[in-house]
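As they're listed, the protein sequences go chains A and B.
Going letter by letter, the first sequence gives residues 1 to 147 in the working numbering.
Going letter by letter, the second sequence gives residues 148 to 294 in the working numbering.
Working notes for the structure below.
2 protein chains.
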Amino acid sequence: MLVALRAGGLKLTPQRLAILRELADDPTHPTATELFSRLRAELPSMSFATVYNTLSALTEQGLCVARALEPGAVRFDPNVEPHDHAVCDSCGLVVDIAGRVRGGSPRTAEPVAGFAVRSVERVYRGWCADCSSRLERPTGAKQATGE
Amino acid sequence: MLVALRAGGLKLTPQRLAILRELADDPTHPTATELFSRLRAELPSMSFATVYNTLSALTEQGLCVARALEPGAVRFDPNVEPHDHAVCDSCGLVVDIAGRVRGGSPRTAEPVAGFAVRSVERVYRGWCADCSSRLERPTGAKQATGE
DNA sequence: ATGAGTGCAAATGCTTTGCATCCTG
DNA sequence: CAGGATGCAAAGCATTTGCACTCAT
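This is how it looks when you write it as structure tokens:
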């Protein structure tokens, strides 16, 4: 991954290394704000601008992807391959379903006339394990719309 | 739908009726800002606050859903049933795949241990018909990550 | 050394909120 | 006519940008 960084002509700064590590270690895909607060202890002088600059540089190099799974802040995913996610209605937790093997149905079929499909991803919504066990009807949950 | 509005204890104001109509007529799920600018001619005095107040009131009544399909503004969908969407990488167009019939595979299977699934939705990403025909590699498109 | 990268602060864009006024039911 | 809804303005977050300074190469 560091190789990829240099290959893109990017310099290896402590800020970038820390962000990269934090991203790689976290399957919940942290937001820019989350990264900033987590790294404040380690890099007290780092600014938001650096976090955003780094994340957009990484995104441009194809080393991570910005994902809009919920209204509000964007989450950054070091796994650039299309894959599925589960999102908790109650606490907002994002769970990566990267490892899941799916049936080999043709995924290049056009969902609508003329639309050239590049990727398909699923979003599972519901309650995470913690929220499921903690409450029958988790705080702040939208009323289930069923399916 | 008006019935549903009243059932929720909401008053029928011209602003709400206009927003509701605009929402219903538009399969691309407009953002709050888009609704505001479209209705400016019809309701010159309407404010952003009213658009947002109305949209959150509708959301609370289960008459629409806020969808985060792309970073930036949230889109509002009058179809509260889980369904699929296609999003253009180039121009950001959202296409509703509401009518698509899918195979009846068990969709309540847990994507990850302990996660209680409420709904599953797919997001197709690629190029819309317009962008596909206009360019070989549409302006502003992220490099295809393939699948 | 030299230009990319950082830090700071101001700016932007989307959304929310407080409050006085207005209008639907 | 009463309470909910609107309009206006200010405030709140997430994110972007400009610019002088610093540091990785």
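Don't be surprised by glycine CBs; every beta carbon is placed ideally from N, CA and C.
Name, in chain order, the residues that DSSP records as bridge partners for Glu-268 (chain B).
Beta-bridge annotation (DSSP): Glu-268 (chain B) is paired with A:Val-123.
Chain A within 8 angstroms of Phe-262 (chain B), Cβ atoms only:
By this cut-off, Phe-262 (chain B) is an interface position.
DSSP beta-bridge partners of Val-95 (chain A):
For Val-95 (chain A), the pairing in a beta bridge is given by DSSP as A:Ala-86.
Tell me, please, whether the CB atom of Ser-132 (chain A) is closer than 8 angstroms to any CB atom in chain B?
Yes, Ser-132 (chain A) lies at the interface with chain B (some Cβ there is under 8 angstroms from its Cβ).
Check whether the Cβ atoms of Ala-215 (chain B) and Glu-70 (chain A) sit closer than 8 angstroms, and answer yes or no.
For the pair Ala-215 (chain B) and Glu-70 (chain A), the CB atoms are nearer than the 8 angstroms cut-off.
Please compile the residues from chain B whose C-beta is within a distance smaller than 9 angstroms of the C-beta of Cys-128 (chain A).
Per Cβ cutoff of 9 angstroms: Val-259, Gly-261, Phe-262, Ala-263.
Just to check my reading of the structure: Cys-131 (chain A) and Cys-88 (chain A) have Cβ atoms closer than 8 angstroms, yes? What is that Cβ distance to the nearest angstrom?
Their Cβ separation, rounded to whole angstroms, is 6 angstroms, which keeps Cys-131 (chain A) and Cys-88 (chain A) in contact under 8 angstroms.
In the DSSP output, which residue or residues are listed as bridge partners for Arg-222 (chain B)?
Beta-bridge pairing links Arg-222 (chain B) to B:Thr-178, B:Arg-214.
Would you mind working out which of B:Pro-258, B:Phe-195, B:Lys-158 sits nearest Thr-180 (chain B), comparing C-alpha positions?
Here the closest residue by C-alpha is B:Phe-195.
Between the Cα of Val-80 (chain A) and those of A:Ser-90, A:Ala-98, A:Cys-91, spot the shortest distance and give me the residue it belongs to.
Selected option, being the one with the closest Cα: A:Ala-98.
Quick one: measure Cβ to Cβ for Thr-54 (chain A) and Arg-16 (chain A), integer angstroms, because I've assumed they're closer than 8 angstroms.
Taking C-beta atoms under 8 angstroms as the contact rule, Thr-54 (chain A) and Arg-16 (chain A) qualify, at a distance of about 5 angstroms.
Return the bridge partner residues of Ala-151 (chain B) from the DSSP annotation.
In DSSP, Ala-151 (chain B) forms no bridge with anything.
Under 8 angstroms Cβ to Cβ from Leu-159 (chain B), same chain only, skipping five residues before and after it: list those, please.
Cβ within range, chain order: Leu-149, Leu-152, Arg-153.
Ala-165 (chain B) (DSSP reduced to helix, strand or coil):
If DSSP states are grouped into helix, strand and coil, Ala-165 (chain B) belongs with the helices.
Less than 8 angstroms between the C-beta atoms of Tyr-271 (chain B) and Val-120 (chain A), yes or no?
In contact: Tyr-271 (chain B) and Val-120 (chain A) (Cβ atoms closer than 8 angstroms).
Let me know if Gly-287 (chain B) comes out buried or exposed under the rule of 16 or more other beta-carbons within 10 Å of its beta-carbon.
Residue placement at Gly-287 (chain B) is flagged as unreliable, the pLDDT there being 49, under the threshold of 50; a coordinate-derived value is accordingly withheld.
By a C-beta neighbour count over all protein chains shown, 10 Å radius and 16 as the cutoff for buried, is Asp-77 (chain A) buried or exposed?
It counts as buried.
Name the chain B residues that come within less than 7 angstroms of Glu-70 (chain A), Cβ to Cβ?
The contacting residues are Ala-215.
Can you tell me the Cα-Cα spacing of Leu-282 (chain B) and Thr-175 (chain B), whole angstroms?
Cα-Cα distance, rounded: 22 angstroms.
Pair within 8 angstroms by beta-carbon distance, Phe-115 (chain A) and Gly-273 (chain B):
Between Phe-115 (chain A) and Gly-273 (chain B), the gap from beta carbon to beta carbon is short of 8 angstroms.
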